[in-house]
Amino acid sequence: MVVLSKVNKHFGALHVLQDIDLTVHKGEVVVVIGPSGSGKSTLCRAINRLETIDTGSITIDGVPLPAEGKALAQLRADVGMVFQSFNLFAHKTVLQNITLGPIKAKGVKRKDAEETAMGLLERVGVANQAAKLPAQLSGGQQQRVAIARALAMQPKVMLFDEPTSALDPEMINEVLDVMVSLARDGMTMVVVTHEMGFARKAGHRVVFMDGGQIVEEAAPETFFTAPASDRAKDFLSKIL
Ligand code: ADP
Ligand code: MG
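Quick note on UniProt numbering: the sequence shown kicks off at 1 and runs consecutively.
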C-alpha cells in the first residue's frame, strides 16, 4: 500500500531522511518510534507530500506521489493524517469539520455527507458533540473528531503523528482505543507513537528511527523485550 524506496531528504545541510526503504502492506499497522529529531514527522509528511523529497520514490497503492493538481488532491484524500495538535477548523462545528472535505473535494451532497459524518462521529464516540465548536470539546474528543474527519475522505492509509502526546493522561486511552479499533477493522496505518501499549496491542511491526535512518525493524514484542541495536537499547532505557 505504501512503498518508500531509497528516500532522501535534506533541510539545508541536515540529512533528515537517509536512504529510507519502507514497505507497509495493506491492513498492516506500522509503529514508528525514535528520539526527537530523528525524522519521524518528516517521514509522515513526505508520505502525504506535505514535504517534497530530494531523491528516491514513494508510491501509494502502486501510484507514485503526484506533484500537484487534481492528482495531489486525490492523494491527500487517500492518505489521511492526524497530527499531534488537533488542527480542526476552529470556526466550524464538529459536524462541519467532517463534512467540509467530502463536500468540497469529493462533491458529495451535503445531506449524504452529514449522514456519513454522524456515523463516523458515532464510531469515535462523540456524536453528541456534533453541533459544538472544537474549543468546546476536550482534547481527547477533538482528536477523535480529527480521526473521524480523516476517515470521512475514505482513505486507503492513515498516518498518525504522535496523536496522543498533547493530551492529558486521562484522555490518551480514549484516542488509542479508537485507533486500536481502526486497526482491528483492517485499516493500513503508520503510527508515530511511544505508546507501547498501542504498539503491543495493534502494531504488526515497529520501525525504530534514529538520526534520519531506519536502524531496526522488528515485531513489537521483540523490539521492546530484545532490541537488537545499541541505539534502540539506549532509547528504550530512556523511555521505559
Ligand atoms: P521527529 O518527528 O522525529 O522529532 P522531525 O522529522 O520533526 O523529527 O525533524 C527531523 C529534523 O529535521 C530535526 O532536526 C528538525 O529540527 C529538522 N526539521 C524538521 N522540519 C524542518 C524544516 N521545515 N526546516 C528545517 N529543519 C527542519
Ligand atoms: Mg515529530
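C-beta: ideal position from N, C-alpha, C; glycine also.
Whole-angstrom distance between residue j and residue i, CA atom to CA atom
i: Phe11; j: Phe224; result: 31 Å
i: Leu43; j: Ala105; result: 25 Å
i: Leu68; j: Ser138; result: This sequence places Glu at residue 68; Leu is not what is there. Spanning the two alpha carbons is a distance of roughly 35 Å.
i: His204; j: Ala131; result: 37 Å
i: Gly211; j: Ile103; result: 41 Å
i: Thr55; j: Asn8; result: 5 Å
i: Leu176; j: Val191; result: 11 Å
i: Val24; j: Lys6; result: 15 Å
i: Val157; j: Met1; result: 8 Å
i: Gly34; j: Arg200; result: 16 Å
i: Thr116; j: Ile239; result: 40 Å
i: Ala183; j: Lys26; result: 11 Å
i: Ala90; j: Leu133; result: 7 Å
i: Arg76; j: Ala13; result: 29 Å
i: Ala232; j: Ala135; result: 38 Å
i: Gln143; j: Thr99; result: 16 Å
i: Ala113; j: Ser237; result: 47 Å
i: Val31; j: Glu217; result: 10 Å
i: Asn97; j: Ala166; result: 20 Å
i: Ser229; j: Ala150; result: 35 Å
i: Gly39; j: Glu51; result: 12 Å
i: Ile53; j: Ser41; result: 13 Å
i: Met171; j: Lys111; result: 32 Å
i: Gly140; j: Glu174; result: 7 Å
i: Thr59; j: Pro66; result: 9 Å
Pick from the options that is closest to residue i, judged by C-alpha positions
i: Glu28; options: Leu133, Pro220 and Leu236; result: Pro220
i: His194; options: Val63, Phe235, Ile147 and Arg49; result: Phe235
i: Leu22; options: Leu240, Lys238, Asn97 and Val215; result: Val215
i: Gly62; options: Asp78, Val206 and Gln136; result: Asp78
i: Gly37; options: Leu95, Gln143, Phe208 and Leu133; result: Phe208
i: Thr93; options: Val180, Met118 and Ser41; result: Met118
i: Leu4; options: Leu121, Ala46 and Val31; result: Ala46
i: Gly101; options: Ala228, Val32, Thr59 and Gln154; result: Gln154
i: Gly180; options: Gly197, Ser229 and Met171; result: According to the sequence as given, residue 180 is Val; it is not Gly. That would be Gly197, whose Cα lies nearest to the Cα of Val180.
i: Val108; options: Ala148, Ala152 and Gly80; result: Ala152
i: Gly80; options: Ile147, Pro227, Ala226 and Asp168; result: Ile147
First and last residue of the uninterrupted beta strand (DSSP E) at residue i
i: Val2; result: Val2 to Phe11
i: Phe235; result: First-last for Phe235: Asp230 to Ile239, but that is the alpha helix (DSSP H), not the beta strand (DSSP E).
i: Ser57; result: Thr55 to Ile60
i: Gly80; result: Val79 to Val82
i: residue 241; result: For the chain, the structure presents residues 1 to 240; residue 241 sits outside this window and is missing.
i: Val190; result: Thr188 to Val192
i: Leu159; result: Val157 to Asp161
i: Val32; result: Val29 to Ile33
Residue range of the unbroken alpha helix (DSSP H) whose run includes residue i
i: Gly139; result: Gly139 to Leu151
i: Thr225; result: Pro220 to Thr225
i: Thr116; result: Arg110 to Arg123
i: Asp177; result: Pro169 to Arg184
i: Arg45; result: Lys40 to Ile47
i: residue 243; result: This structure cannot speak to residue 243, because the chain is shown only from 1 to 240.
i: Gln18; result: First-last for Gln18: Leu14 to Val24, but that is the beta strand (DSSP E), not the alpha helix (DSSP H).
i: Met100; result: One detail in the question is off: residue 100 reads as Leu in this sequence, not Met. Start and end: Val94 to Lys106.
Neighbour flag for residue i against chain C, beta carbons, 9 Å
i: Cys44; result: Within the model displayed, chain C is absent; a lone protein chain is all it includes.
**Message:** For the pair the stretch 66 to 82 and the stretch 122 to 133, tell me if three or more CB-CB distances fall below 8 Å.
**Reply:** no
**Chain-ordered list of residues that sit, by beta carbon, closer than 5 Å to a heavy atom of ligand 1** = Phe11, Val16, Ser36, Gly37, Ser38, Gly39, Lys40, Ser41 and Thr42
**Any 3 or more C-beta pairs closer than 8 Å across the stretch 175 to 187 and the stretch 14 to 23** = no
**Request:** Give a yes or no on contact between the stretch 141 to 161 and the stretch 75 to 85, applying the rule of three or more CB pairs nearer than 8 Å.
**Result:** yes
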